[in-house]
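Heads up, the thing below is written out as structure tokens.
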Amino acid sequence: MRESNTARRAGRGKKTVDGDAQERWGGVDLGGTKIEAVVVDADGAVLGTMRQPTSAEGEPGDVVQAIHEALEGASRAAGLTPRQLQGVGVGAPGAVDVHEGTLGHVSNVGRGWTTPYPVAGDLGARVGRPVVLGNDVQVAVAAEHRLGAGRPYRSLLGVWWGTGVGGGLVLDGLPWRGRGAAGEVGHVVVRPGGARCGCGRRGCMEAYAGRASMERRAHKAVREGEETVLFELMRKRGRTRLTSSIWARALAVEDPLAVWLVDRAVRMLGVGLASAINVLDVEAVVLGGGLGTRLGPEFASRIHEAMRPHIFVPERQPPVRVAELGELSGAIGAALLAQPLMK
């Protein structure tokens, strides 16, 4: 359990709370490699955080138990218990049914599951408070628009570069979810008939830029005799997956395989994001997610340059800004999603 520099910035110096549950909400960002939980006040200021790894072998019920544990830790850091919260929001990948409170078609969390699981009901029973679900990237983008890098803009495309490549939209100042799947830029096809994506289709941007796909390609390269420090770094750090920090370390020592895979990811991000901009003509792109925030402004600039040859109106190419709330944006956004529960 720890409070990050991002948490301190997001908290704007508000470090203490009393035992009153008024104006306190919990938020959880469920990711492929980590679960991030926060407690926030009515302004979105972070009062407590906890992060823990996501089990690679967990069944849906095990994942919910891990979410509960992370939420308990964040609540303790804020001087509360989960039962003192007004409500809890969970941002999750996969097919989210907001009305039923279920989550299905999850490929990058635990063992993955297809059948919808009642995450909101299960977690609500453990916590004793109302729980609402939202798409992980959509809630993170909403948080950046309200509190972070998206504040100056009326329209933006959020791109969350991590285990997969997720997206979210704000149009005319409001989140745009379409019929539930708007902003899925990771599944823009950048190479017809290309590499197989985790969604089962071929040629998606995520098949080249998603961290899980990059890891699979790295394993294949090693089996074919290529050398890399990626898996040595993974073992030394006691990890079971190639996390964003491991990719960053491999890039720092100019590991050839890591450099090649990340360069390819940047090229494909440039192609896919430019296509989205040509359709939407938004004012800005906000780059978040584990890799996006870890690699930071340098790679935001590189993605911006990779977009340039494909932008239809180059003199109006939007900037690419790194998410200001960092790796807490998803959890903060989930907590903000929960606020209307008790209003």
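Counted from 1, the sequence shown has number 339 at position 339 by the numbering used here; the numbering is strictly sequential. Using N, Cα and C, we set each Cβ at its ideal position, and we do this for glycine too.
So Asn108 packs on Gly32, CB below 8 angstroms; how close in whole Å? In the sequence shown, counting from the first residue as 1, residue 108 sits at position 108. In the sequence shown, counting from the first residue as 1, residue 32 sits at position 32. Indeed they touch by this definition, with Cβ atoms about 4 angstroms apart.
Using 8 angstroms as the cut-off, can you tell me whether the region 259-272 makes contact with the region 128-135, which would need three or more C-beta pairs spanning the two stretches below that distance? no
Looking at the unbroken beta strand (DSSP E) that takes in Val165, where does it start and where does it end? In the sequence shown, residue 165 corresponds to position 165, counting from 1. Segment 165-171, the beta strand (DSSP E) holding Val165.
For my contact list, Pro53 and Gly164 are in at a C-beta cut-off of 8 angstroms; report their separation, rounded to the angstrom. Start at 1 with the first residue of the sequence shown, and residue 53 comes out as number 53. Start at 1 with the first residue of the sequence shown, and residue 164 comes out as number 164. Not quite, the Cβ-Cβ distance comes to about 17 angstroms (not below 8 angstroms), so this is no contact.
Return the CA-CA distance between Ala7 and Arg321, expressed in angstroms with no decimal places. Residue mapping note: residue 7 aligns to position 7 of the sequence shown, counting from 1. Residue mapping note: residue 321 aligns to position 321 of the sequence shown, counting from 1. No answer about Ala7 holds up, because its pLDDT of 44 lies below 50 and its placement is not dependable.
Alpha-carbon to alpha-carbon, Ile332 and Ala37: Taking the sequence shown and counting its residues from 1, one reaches residue 37 at position 37. Taking the sequence shown and counting its residues from 1, one reaches residue 332 at position 332. Computed Cα separation, rounded: 8 angstroms.
Return yes when the Cβ of Ser329 is within less than 8 angstroms of the Cβ of Gly148, no when it is not. Counting from one through the sequence shown, the residue named residue 148 turns up at place 148. Counting from one through the sequence shown, the residue named residue 329 turns up at place 329. Their beta carbons are under 8 angstroms apart, which means Gly148 touches Ser329 by this criterion.
Tell whether a beta-carbon distance below 8 angstroms holds between Leu169 and Gly183. Residue mapping note: residue 169 aligns to position 169 of the sequence shown, counting from 1. Residue mapping note: residue 183 aligns to position 183 of the sequence shown, counting from 1. In contact: Leu169 and Gly183 (Cβ atoms closer than 8 angstroms).
Can the beta-carbon of Ile67 be found closer than 8 angstroms to that of Val98? The sequence position of residue 67 within the sequence shown is 67, counting from 1. The sequence position of residue 98 within the sequence shown is 98, counting from 1. It is not a contact, given that the beta carbons lie outside the stated cut-off.
Grab the span of the beta strand (DSSP E) containing Gln52 for me, first residue to last. In the sequence shown, residue 52 corresponds to position 52, counting from 1. 46-53 is the span of the beta strand (DSSP E), which, as asked, contains Gln52.
Suppose only complete runs of 3+ residues qualify. What are the beta strand (DSSP E) ranges in the region 276-330, listed by chain order? 284-288, 320-322
In this structure, does DSSP put Ala92 in helix, strand or coil? Translated into the one-based positions of the sequence shown, residue 92 becomes position 92. Three-state DSSP puts Ala92 in a strand.
Taking Cβ positions, are Ala221 and Leu171 nearer each other than 8 angstroms? Here residue 221 refers to the residue found at position 221 when the sequence shown is read from its first residue. Here residue 171 refers to the residue found at position 171 when the sequence shown is read from its first residue. No, the Cβ-Cβ distance between Ala221 and Leu171 is not below 8 angstroms.
Tell me whether the beta-carbon of Glu327 lies closer than 8 angstroms to the beta-carbon of Thr293. Sequence index remark: in the sequence shown, residue 327 carries index 327 (1-based). Sequence index remark: in the sequence shown, residue 293 carries index 293 (1-based). The answer is yes: Cβ separation under 8 angstroms.
For Leu336, does the count of other Cβ atoms within 10 angstroms reach 16, so buried, or fall short, so exposed? By 1-based counting over the sequence shown, the position of residue 336 is 336. Burial call: buried.
How many angstroms separate the CA atom of Lys34 from the CA atom of Phe299? To locate residue 34, count along the sequence shown from 1; it is residue 34. To locate residue 299, count along the sequence shown from 1; it is residue 299. Roughly 22 angstroms separates the two Cα atoms.
What is the DSSP secondary structure of Asp255, reduced to helix, strand or coil? As a first step, residue 255 is located in the sequence shown; it is residue number 255 there, counting from the start. If DSSP states are grouped into helix, strand and coil, Asp255 belongs with coil.
What is the DSSP secondary structure of Gly112, reduced to helix, strand or coil? Position 112 of the sequence shown, counting from 1, holds the residue named residue 112. Three-state result, Gly112: coil.
Considering only the beta carbon of each residue, do Ile311 and Ile277 sit closer than 8 angstroms? Reading the sequence shown from its first residue, position 311 is the one you call residue 311. Reading the sequence shown from its first residue, position 277 is the one you call residue 277. In this structure, Ile277 lies closer than 8 angstroms to Ile311 by Cβ.
Per DSSP, cross-strand counterpart(s) of Arg202: On the sequence shown, position 202 is the one that residue 202 refers to. Arg196.
Pull up the CB-CB distance for Thr240 and Ala56, whole angstroms please, since I reckon it's below 8 angstroms. In the sequence shown, residue 240 corresponds to position 240, counting from 1. In the sequence shown, residue 56 corresponds to position 56, counting from 1. So it is a contact: roughly 6 angstroms between Cβ atoms.
Cutoff 8 angstroms; reference Arg146; Cβ partners in own chain excluding five residues on either side: Locating residue 146 in the sequence shown gives position 146, where the first residue counts as 1. Answer for Arg146: Gly44, Leu336, listed in chain order.
Please work out which residues of its chain come closer than 7 angstroms, Cβ to Cβ, to Arg191, disregarding the five sequence neighbours upstream and downstream, and give them in chain order. Position 191 of the sequence shown, counted from the start, is the residue given in the question as residue 191. Cβ neighbours of Arg191 beyond the five flanking positions: Gly203.
Is it buried or exposed, Asp263, if we count other Cβ atoms within 10 angstroms and call 16 or more buried? Position 263 of the sequence shown holds residue 263. Exposed, since its Cβ has fewer than 16 Cβ neighbours within 10 Å.
Gly73 to Met50, Cα distance in whole Å? Working through the sequence shown from its first residue, we reach residue 73 at position 73. Working through the sequence shown from its first residue, we reach residue 50 at position 50. Cα-Cα distance, rounded: 6 angstroms.
Ignore the nearest five residues each way along the sequence and tell me which others in Leu376's own chain have a CB closer than 8 angstroms to its CB. Residue numbering for the chain in the displayed model covers 1 to 343; residue 376 lies beyond these limits and cannot be assessed.
Assuming Leu156 and Val286 form a contact by the criterion Cβ under 8 angstroms, report the distance between their Cβ atoms to the nearest whole angstrom. Numbered from 1 along the sequence shown, position 156 holds the residue referred to as residue 156. Numbered from 1 along the sequence shown, position 286 holds the residue referred to as residue 286. Confirmed, about 6 angstroms.
Which residue or residues does DSSP assign as beta-bridge partners of Ile35? What you label residue 35 is simply residue 35 of the sequence shown in a count that begins at 1. Note: Ile35 sits in a beta bridge opposite Leu30, Gln52.
To the nearest angstrom, how far is the alpha carbon of Ala252 from that of Met234? For this step, residue 252 is matched to residue 252 along the sequence shown. For this step, residue 234 is matched to residue 234 along the sequence shown. Computed Cα separation, rounded: 15 angstroms.
Where DSSP assigns a beta bridge to Leu157, which residues make up the other side? For the purposes of this step, residue 157 is taken as residue 157 along the sequence shown, with counting starting at 1. Answer is Leu169, Val285.
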